[in-house]
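K.L.:
One structure coming up, written as structure tokens, with questions to follow.
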Amino acid sequence: MRLRALLDTDALGLRLLGGENELDRTVRGVMTTDLRDPSRYLSGGELVLTGLAWRRDAADSEPFVRLLVQAGVAGLAAGEAELGNVPEDLVVACVRHRLPLFAVHESVAFATITEHVVRQVSGERAGDLAAVVDRHRRMMTSGPAGGGPDVVLDLLGSDLDLRAWVLSPTGRLIAGSKVAGPGLPADTCAKLAAEHLAAARTGRRGPHRVTLGSSTYSLFPVRSSGRSPQASRDVRETVLSDWLLAVEADAGDWPEERLDLLRGVTQLIAVERDRRDAARTVRRRLAQEVLELVQTGAAPAEIAARLRVAAPVLLPGLGAAPHWQVVVARVEWQDGGLEGGPVAQSLLEEILVDPSATGPEPSDRIAVAHTGDEAIALVPLPAVSTEHDGSEAGILADALLESVRDPLSAGLDDDGRVTLGVSASVHSAEGLRGALEEARHARRVAAARAGRVCAAGHQELASHVLLLPFVPDDVRRAFTARLLDPLRDYDRRHRAELIPTLEAFLDCDGSWTRCATRLHLHVNTLRYRVGRIEQLTSRDLSRLEDKLDFFLALRMS
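Sequential numbering of the sequence shown, starting at 685, is according to my numbering.
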């Protein structure tokens, strides 16, 4: 569109102050700025809107206008709301440099002008949008001035009439354009995330097309900026943590130019993702320090001191020390060869966010460390209330599992498992070691269940399990080795399955009939195996004391 056309629209409230002979210039975009030097964000042909906050005195107008002219802008529109009238020094500078200058009436919002310009630009709309996206990419790379993912999604909506959303790998809504309306339903988000993860595991290049009901969506992966699809040696390293861009459209017949544009949008969103990940560094370090103190048996006072440092970072403005919960996660792959700890760490940072929370920031209050194949989260609770049934509120394993099971199962395919354990809340440093052991025991309970994604909470642990964290590690190891190592050695040499038989026998309360039925064995075969167990361990499974010892040994192993 031409600058001249702006004056023909009364609703824009524009008044020409200079540059009448330059009104045939083409407007290819629009930018709002109050920076003293916005040239790095300009690509040429923009109508620049400014509220004049950059101007401190008359001497500032000349260099500002000179920078705009050097950047090749089409014109400048200055708002009257701040100073009442456009300063004469700015008018003189624009006349000197032949830059068309408009005054914007104080009753007209810059957003109104921006929307009008964007909608009127025709012919090369995709190309124009690419320039705008590129500008915003540079702005977001330089700092928070770009406004986050919502800004570029709004551009997709206004310029290309595309409804688009950014989703987490678990289907949580992170961002959406205003034209997209009130966000996607939670079940739709979960299904799209599941489809994306399943497609990503195949190694196919996006976009992946999915039809749900009467709508078709194209799913674009949002990878860390600067990382190509082949940069990761193993897709499993990132598949459970990458965001995705869901566009309500069928990209199957799009020209390559439009596909490149949408891939550029994902790179822009990746900048925000990288910024968030960088901000997690402090929280991860705090969690690692606390975890090391807990695991090495540091004095409670030393742990408490670290928690006092961590609390303001995780819960800014909190007056009192919070309660804490511990969540343990483990990601295991069938063929091994890939350390699960970092994957589980990124995954926990996402799935511990309230599924109803939107935006990229809610995970800022979760600290996750990892050690080996295990990730451990310290989750602060600002206040612990009591539910109607007398139990304490906080993270519940069942709710956690329900929100992530379907998407993650698709991402794990047939060769991976995620198991989660959740502790009760504790209110002091003295309770953290017990909470950590409690969460680990709960995770082992979850691991014993069938399914790709399993979770268990502290409520599912029997009272004897709550006492186990206070038994020294060397005592536990010696106890379990004395009882179970002879059976493990025998199973390894003879493939006799004595350990599974023992577990089933105890689980059936010593009932020969029920245990034989569960194991699909003849009762005589079961009696032979139990006899062999008693012979190898010098124990008697008809005695309560020996049954209890075996039961505890199996739980501690």
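C-beta: ideal position from N, C-alpha, C; glycine also. None of these values were measured; they are calculated from a predicted model.
Excluding the five sequence neighbours on either side, which residues of its own chain have a C-beta within less than 8 angstroms of the C-beta of Leu1167, listed in chain order?
P.N.:
One-based indexing of the sequence shown puts residue 1167 at position 483. So the list reads Thr1221, Arg1223, Asp1233, Phe1234, Ala1237, once near-sequence residues are dropped.
K.L.:
Below 8 angstroms on the Cβ atoms is my guess for Leu785 versus Gly703; work out the distance and round it to an integer in Å.
P.N.:
For the purposes of this step, residue 785 is identified with residue 101 of the sequence shown, where counting begins at 1. For the purposes of this step, residue 703 is identified with residue 19 of the sequence shown, where counting begins at 1. Contact flag correct, Cβ pair sits at about 6 angstroms.
K.L.:
Quick check on the DSSP output: the beta strand (DSSP E) that includes Pro722 runs from which residue to which?
P.N.:
Start at 1 with the first residue of the sequence shown, and residue 722 comes out as number 38. Segment: none, Pro722 is in no beta strand (DSSP E) and carries neither H nor E.
K.L.:
What number of angstroms, rounded off, separates the C-alpha of Leu1032 from the C-alpha of Ala878?
P.N.:
For the purposes of this step, residue 1032 is identified with residue 348 of the sequence shown, where counting begins at 1. For the purposes of this step, residue 878 is identified with residue 194 of the sequence shown, where counting begins at 1. Their Cα atoms are separated by approximately 17 angstroms.
K.L.:
Distance check for Arg990 and Pro996, CA to CA, integer angstroms please.
P.N.:
By 1-based counting over the sequence shown, the position of residue 996 is 312. By 1-based counting over the sequence shown, the position of residue 990 is 306. Looking at the two C-alpha atoms, the distance is approximately 11 angstroms.
K.L.:
With contact counted as at least three CB pairs below 8 angstroms, one residue from each stretch, are the region 1048-1064 and the region 832-849 in contact?
P.N.:
Touching, no, given that fewer than three Cβ pairs across the two stretches are closer than 8 angstroms.
K.L.:
Since Arg699 is in the beta strand (DSSP E), which residue starts that stretch and which ends it?
P.N.:
By 1-based counting over the sequence shown, the position of residue 699 is 15. 698-702 is the extent of the beta strand (DSSP E) around Arg699.
K.L.:
Does the contact criterion of 3 or more C-beta pairs under 8 angstroms hold for the region 1085-1099 versus the region 971-991?
P.N.:
They do not touch, by the three-pair rule.
K.L.:
Are the region 738-745 and the region 705-714 touching, with three or more C-beta to C-beta distances below 8 angstroms?
P.N.:
No, the region 738-745 does not touch the region 705-714.
K.L.:
Could you give the distance in angstroms between the alpha-carbon of Gln754 and the alpha-carbon of Asp958?
P.N.:
Along the sequence shown, one-based indexing puts residue 754 at 70. Along the sequence shown, one-based indexing puts residue 958 at 274. When rounded, the distance between both Cα atoms is 32 angstroms.
K.L.:
Please classify Asp838 as buried or exposed, where buried requires at least 16 neighbouring CB atoms within 10 angstroms.
P.N.:
Residue mapping note: residue 838 aligns to position 154 of the sequence shown, counting from 1. Buried, since its Cβ has 16 or more Cβ neighbours within 10 Å.
K.L.:
Pick out whichever of Glu1144, Gln972, Arg1227 has its Cα sitting closest to the Cα of Val1106.
P.N.:
The sequence position of residue 1106 within the sequence shown is 422, counting from 1. Among Glu1144, Gln972, Arg1227, the Cα nearest to that of Val1106 belongs to Glu1144.
K.L.:
Below 7 angstroms CB to CB, which residues in the same chain sit around Leu700 once its five sequence neighbours on both sides are set aside?
P.N.:
One-based indexing of the sequence shown puts residue 700 at position 16. Only Leu691, Phe786 meet the Cβ criterion.
K.L.:
Between Cys1199, Asp1193, Arg1202, His1206, which has its C-alpha nearest Asp1230's C-alpha?
P.N.:
Within the sequence shown, residue 1230 is the residue found at index 546, counting from 1. The option with the nearest alpha carbon to Asp1230 is Asp1193.
K.L.:
Should the region 923-930 be regarded as contacting the region 879-888, the criterion being three or more beta carbon pairs within less than 8 angstroms?
P.N.:
Touching, yes.
K.L.:
According to the Cβ coordinates, are Gly729 and Val788 closer than 9 angstroms?
P.N.:
Along the sequence shown, one-based indexing puts residue 729 at 45. Along the sequence shown, one-based indexing puts residue 788 at 104. Contact: no.
K.L.:
Alpha carbon to alpha carbon, what distance is there between Leu1104 and Ala1131?
P.N.:
Along the sequence shown, one-based indexing puts residue 1131 at 447. Along the sequence shown, one-based indexing puts residue 1104 at 420. Rounded to the nearest angstrom, the two C-alpha atoms are 8 angstroms apart.
K.L.:
Quick one: measure Cβ to Cβ for Leu1065 and Ser1109, integer angstroms, because I've assumed they're closer than 8 angstroms.
P.N.:
Numbered from 1 along the sequence shown, position 381 holds the residue referred to as residue 1065. Numbered from 1 along the sequence shown, position 425 holds the residue referred to as residue 1109. Rounded, the Cβ-Cβ distance is 6 angstroms, consistent with contact.
K.L.:
Write down the C-beta distance between Pro771 and Ser745 rounded to the nearest angstrom, noting that I regard them as a contact closer than 8 angstroms.
P.N.:
One-based indexing of the sequence shown puts residue 771 at position 87. One-based indexing of the sequence shown puts residue 745 at position 61. Sure, about 7 angstroms apart at Cβ, within 8 angstroms.
K.L.:
Apart from the five residues on each side of it in sequence, which residues of its chain come closer than 8 angstroms, Cβ to Cβ, to Arg968?
P.N.:
For the purposes of this step, residue 968 is taken as the residue at position 284 of the sequence shown. The answer, listed in chain order, is Gln1029, Ala1051, Val1052, Ala1053.
K.L.:
Got a sec? Which residues, its chain only, sit under 8 angstroms from Pro891 by beta carbon, not counting five neighbours each side?
P.N.:
Reading the sequence shown from its first residue, position 207 is the one you call residue 891. Cβ within range, chain order: Ser902, Leu903, Phe904, Val931, Ala935, Leu943, Leu946.
K.L.:
Quick one: which unbroken beta strand (DSSP E) runs of 3-plus residues sit fully inside the region 906-992? Chain order, please.
P.N.:
You should have 927-931.
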